[in-house]
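Asks:
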Amino acid sequence: MTSQTIGTTGPEDKAPAVPSEESPQSSGLRGHPWFTLITVAVGVMMVALDGTIVAIANPAIQKDLKASFADVQWITNGYFLALAVSLITAGKLGDRFGHRQTFLIGVTGFAAASGAIGLSHSIAAVVTFRVFQGLFGALLMPAALGLLRATFPAEKLNMAIGIWGMVIGASTAGGPILGGVLVEHVNWQSVFFINVPVGAIALLLGLLILLDHRAQNAPRSFDLLGIALLSAAMFCLVWALIKAPAWGWGDGKTWAFIAASVLGFALFSVWETKVREPLIPLGLFRSVPLSAGVVLMVLMAIAFMGGLFFVTFYLQNVHGMSPIDAGLHLLPLTGMMIVASPLAGVAITKLGPRVPLAGGMIATAVAMYGMSTLKVDTGSALMSIWFGLLGLGLAPVMVGATEVIVGNAPMELSGVAGGLQQAAMQIGGSLGTAVLGAVMASKVDNDLAGNWKAAGLPPLTPGQLDQASEAVQVGVAPVAKGTPEPIVAKITGVAHDTFISGMSLASLVACGVATVAVLVALLTKRGENAEAGAGVGHI
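Using the working numbering, read the sequence shown as starting at -11 and increasing by one per residue.
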């Protein structure tokens, strides 16, 4: 197979990349495409599951470890931030040293970090090991996509990526249900301990099945300065968004980090045009569909992950549901993603990604608008409609955007393309939690004092108001011990109404983000390499 350049494939480019040690056509289990897909799916399932399974456990962790709202946010943000900062570098490591090796290291480290979280007794330890989870997850996610890209011939790559997207979608949506069962019937630690046996299975399968693939023109050096600049820029951006609610959006520190992020991205872009083997060849972004796919993943994750963060608190703290009941109430979301993902794959194969992706984001926008109308006494049937519609909207985006990004990148950059795809999703999730968290905090701070006074409750000192606001941001009524029952009812009513107003505004913001994503989806088209497999050459 000859060296590929960006966007140049033909019908003859159906063979996978030339491996360094073994032939991809090895007989038996080793290197078999479908067994490879099963193997990487087990590892990827762990990482995708952990993106949302923890959401249902957050209230239990908060209560057990006496954590603040900001601490709970860091359980999510620390994981997403580590993933986002490391994914592209990890993809480059896979391109250089082999995706099999980085996948196996990632699986082992992720399982070990998960076990360490389950043994932790402080919120600081939980957050620290969540960061390690993110770092090791960053190794295995782009490696998995690289292995699929190298193992499957072009004409079957779309099908493999469709199943990959279904696994991610089902795992992401199934997290709250599994988390609810584990938290209610075991404890919150079991949410993390479950990754240990799953990781062991993925490691064993990987050792037996995965074959080391490396493109002939894979990178031989590292863009260390590029890695540093990109990592610093992404860290400064997310750090500013996370800290802005505490510092204030007008504070100098907030804008200093934003400015540092902009400067870092600018310097990174300039440097990438000068270095011999750049971390991200900027020529990739000459492909409008690939660029649109990356942006679409970011916008989708902002709406989905940011919105889901508050729904778990709404179900448990406002409606008073148990963790398992909360998970079951999200079953329409999970079930619709599982059912719709393979259907979306079929639709994308027949129609191309543009129409299914735009339709999916329209459904997502409508669902988020519907979630903004939820009240304290909203019934399960109406909730199920909005949750199911959200799952229906997300499925084609999970499948289609991945194919758009990876399918338009050359083989020797499959790890970088996989890193881009996952970085877009993870940084979008982190941004969603941070931005929508800031919206929620701002709305609660603005409304709580007035609502408290209007209810005729005793006035609060500034310190008491801050503490009450922090509780209300997660739907908890700030009731002191010994408070008379009539006052408890008033405080609970004020707390829940104020929380609902904040969640409604955050959902409307997510609706706006999804609406913008509809326009971005119209810029996508089928991956170049997928078309090659269908016999449509690009010279």
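We treat Cβ as the ideally placed atom computed from N, Cα and C, and that holds for glycine.
Quantities reported herein were computed from a predicted structural model and do not represent experimental measurements.
In terms of alpha-carbon separation, which member of 337, 466 and 67 lies closest to residue 440?
Replies: By one-based count along the sequence shown, residue 440 stands at place 452. Considering only alpha carbons, the answer is 466.
Asks: By the three-class DSSP mapping on this structure, what secondary structure does residue 340 have?
Replies: Position 352 of the sequence shown, counted from the start, is the residue given in the question as residue 340. Correct three-state label for residue 340: coil.
Asks: With a threshold of 7 Å on Cβ separation, who are the neighbours of residue 266 within its own chain once the five nearest residues in sequence on each side are excluded?
Replies: Translated into positions along the sequence shown, residue 266 becomes position 278. Once the five neighbours on either side are set aside, the close Cβ partners of residue 266 are 211, 214 and 260.
Asks: Near residue 232, what residues of its chain come up, given a Cβ to Cβ distance below 6 Å and the 5 sequence neighbours on each side ignored?
Replies: In the sequence shown, residue 232 corresponds to position 244, counting from 1. Contacts found: 242 and 426.
Asks: So, with DSSP's three-state summary, where would you put residue 462?
Replies: Here residue 462 corresponds to residue number 474 of the sequence shown, with the count starting at 1. Three-state result, residue 462: coil.
Asks: Buried or exposed for residue 446, please, with buried defined as at least 16 other CB atoms from any protein chain shown within 10 angstroms of its CB.
Replies: Here residue 446 refers to the residue found at position 458 when the sequence shown is read from its first residue. It is exposed - the Cβ of residue 446 has fewer than 16 other Cβ atoms within 10 Å.
Asks: For a test of the three-state rule: what should DSSP assign to residue 140, helix, strand or coil?
Replies: For the purposes of this step, residue 140 is identified with residue 152 of the sequence shown, where counting begins at 1. It is coil, neither helix nor strand.
Asks: Quick check: residue 504 and residue 225, are their CB atoms within less than 9 Å of each other?
Replies: Residue mapping note: residue 504 aligns to position 516 of the sequence shown, counting from 1. Residue mapping note: residue 225 aligns to position 237 of the sequence shown, counting from 1. Against a cut-off of 9 Å, the Cβ pair of residue 225 and residue 504 comes out as no contact.
Asks: According to DSSP, simplified to helix, strand and coil, what is residue 173?
Replies: The count along the sequence shown starts at 1 and reaches residue 173 at position 185. Residue 173 falls in the helix class under three-state DSSP.
Asks: How would you label residue 449, buried or exposed, when you count the other beta carbons within 10 angstroms and need 16 or more for buried?
Replies: For the purposes of this step, residue 449 is identified with residue 461 of the sequence shown, where counting begins at 1. It is exposed - the Cβ of residue 449 has fewer than 16 other Cβ atoms within 10 Å.
Asks: Residues in the same chain with beta-carbon distance under 6 Å from residue 125, minus the five sequence neighbours each way, listed in chain order, please.
Replies: Reading the sequence shown from its first residue, position 137 is the one you call residue 125. Excluding sequence neighbours, residue 125 sits near 35, 71 and 98.
Asks: Look at the alpha carbon of residue 27 and the alpha carbon of residue 134, and state the distance between them as a whole number of angstroms.
Replies: Position 39 of the sequence shown, counted from the first residue, corresponds to residue 27. Position 146 of the sequence shown, counted from the first residue, corresponds to residue 134. Cα to Cα, residue 27 sits roughly 13 Å from residue 134.
Asks: Given a cut-off of 9 Å, decide if residue 251 and residue 221 are closer than it, judged by their beta-carbon atoms.
Replies: For the purposes of this step, residue 221 is identified with residue 233 of the sequence shown, where counting begins at 1. For the purposes of this step, residue 251 is identified with residue 263 of the sequence shown, where counting begins at 1. Yes, these two residues count as a Cβ contact at 9 Å.
Asks: Thinking C-alpha only, which one of 298, 17, 369 and 372 is nearest residue 196?
Replies: Along the sequence shown, one-based indexing puts residue 196 at 208. Out of 298, 17, 369 and 372, 17 has the C-alpha closest to the C-alpha of residue 196.
Asks: Look at the alpha carbon of residue 481 and the alpha carbon of residue 90, and state the distance between them as a whole number of angstroms.
Replies: In the sequence shown, counting from the first residue as 1, residue 481 sits at position 493. In the sequence shown, counting from the first residue as 1, residue 90 sits at position 102. Cα to Cα, the separation comes out at about 52 Å.
Asks: With 16 as the cutoff for other CB atoms within 10 Å, does residue 111 come out buried or exposed?
Replies: As a working note, residue 111 is residue 123 in the sequence shown. Per the 10 Å Cβ criterion, buried.
Asks: Could you spell out where the alpha helix (DSSP H) holding residue 183 opens and where it closes?
Replies: Looking up residue 183 in the sequence shown gives position 195. Residue 183 -> alpha helix (DSSP H) spans 183 to 197.
Asks: Grab the span of the alpha helix (DSSP H) containing residue 243 for me, first residue to last.
Replies: The residue labelled residue 243 in the question sits at position 255 within the sequence shown. Run containing residue 243: 240 to 260, per the alpha helix (DSSP H) assignment.
Asks: Could you check what DSSP says for residue 298 in three-state terms: helix, strand or coil?
Replies: Counting from one through the sequence shown, the residue named residue 298 turns up at place 310. In the structure shown, residue 298 sits in a helix (DSSP, three-state: H, G or I).
Asks: Closest to residue 58 by CA distance: which of 297, 389 and 350 is it?
Replies: Here residue 58 refers to the residue found at position 70 of the sequence shown. If we check each option's Cα against that of residue 58, 297 comes out closest.
Asks: State the start and end residues of the unbroken alpha helix (DSSP H) segment that holds residue 268.
Replies: For the purposes of this step, residue 268 is identified with residue 280 of the sequence shown, where counting begins at 1. No alpha helix (DSSP H) contains residue 268, which DSSP labels as neither H nor E.
Asks: Curious, which full-length alpha helix (DSSP H) runs of at least 4 residues does the stretch 49 to 124 contain?
Replies: You should have 57 to 85 and 87 to 106.
Asks: Out of 510, 502 and 429, point me to the one whose CA is closest to residue 487's CA.
Replies: Here the question's residue 487 lines up with position 499 in the sequence shown. For the residues 510, 502 and 429, the minimum Cα distance to residue 487 belongs to 429.
Asks: For a test of the three-state rule: what should DSSP assign to residue 363, helix, strand or coil?
Replies: Here residue 363 corresponds to residue number 375 of the sequence shown, with the count starting at 1. It is coil, neither helix nor strand.
Asks: Does the Cβ of residue 361 have 16 or more other Cβ atoms within 10 Å, making it buried, or fewer, making it exposed?
Replies: Along the sequence shown, read from residue 1 onward, the residue named residue 361 stands at position 373. Residue 361 comes out exposed.
Asks: Taking the Cβ atom as the reference point for each residue, do residue 152 and residue 321 lie within a distance shorter than 9 Å?
Replies: Your numbering for residue 152 matches position 164 in the sequence shown. Your numbering for residue 321 matches position 333 in the sequence shown. No, they are not a contact pair.
Asks: Should residue 173 go down as buried or exposed, given a rule of 16 or more other Cβ atoms within 10 Å for buried?
Replies: As a first step, residue 173 is located in the sequence shown; it is residue number 185 there, counting from the start. That one is exposed.
Asks: Does the pairing of the stretch 307 to 314 with the stretch 342 to 355 give three or more beta-carbon distances under 8 Å?
Replies: Result no; under three Cβ-Cβ pairs closer than 8 Å.
Asks: Please identify the residue among 193, 506, 245 and 139 whose C-alpha is closest to the C-alpha of residue 284.
Replies: As a first step, residue 284 must be located in the sequence shown, where it is residue number 296. Answer by Cα proximity: 506.
Asks: Check each candidate in 88, 349, 105 and 390 and name the one with the smallest Cα separation from residue 49.
Replies: Translated into the one-based positions of the sequence shown, residue 49 becomes position 61. The shortest Cα separation from residue 49 among 88, 349, 105 and 390 belongs to 105.
Asks: Can you list, in chain order, the residues of its chain with a C-beta nearer than 8 Å to that of residue 513? Leave out the 5 residues immediately preceding and following it.
Replies: Looking up residue 513 in the sequence shown gives position 525. Once the five neighbours on either side are set aside, the close Cβ partners of residue 513 are 277, 340, 341, 342 and 392.
Asks: Which residues in the same chain have their Cβ closer than 7 Å to the Cβ of residue 368, if we skip the five residues on either side of it in sequence?
Replies: To locate residue 368, count along the sequence shown from 1; it is residue 380. So the list reads 317, once near-sequence residues are dropped.
Asks: Quick check on the burial criterion: 16 or more other C-beta atoms within 10 angstroms. Buried or exposed for residue 462?
Replies: Numbered from 1 along the sequence shown, position 474 holds the residue referred to as residue 462. Label assigned to residue 462: buried.
Asks: Please state the DSSP three-state secondary structure of residue 307.
Replies: Against the sequence shown, residue 307 aligns to sequence position 319. Coil at residue 307, not helix or strand.
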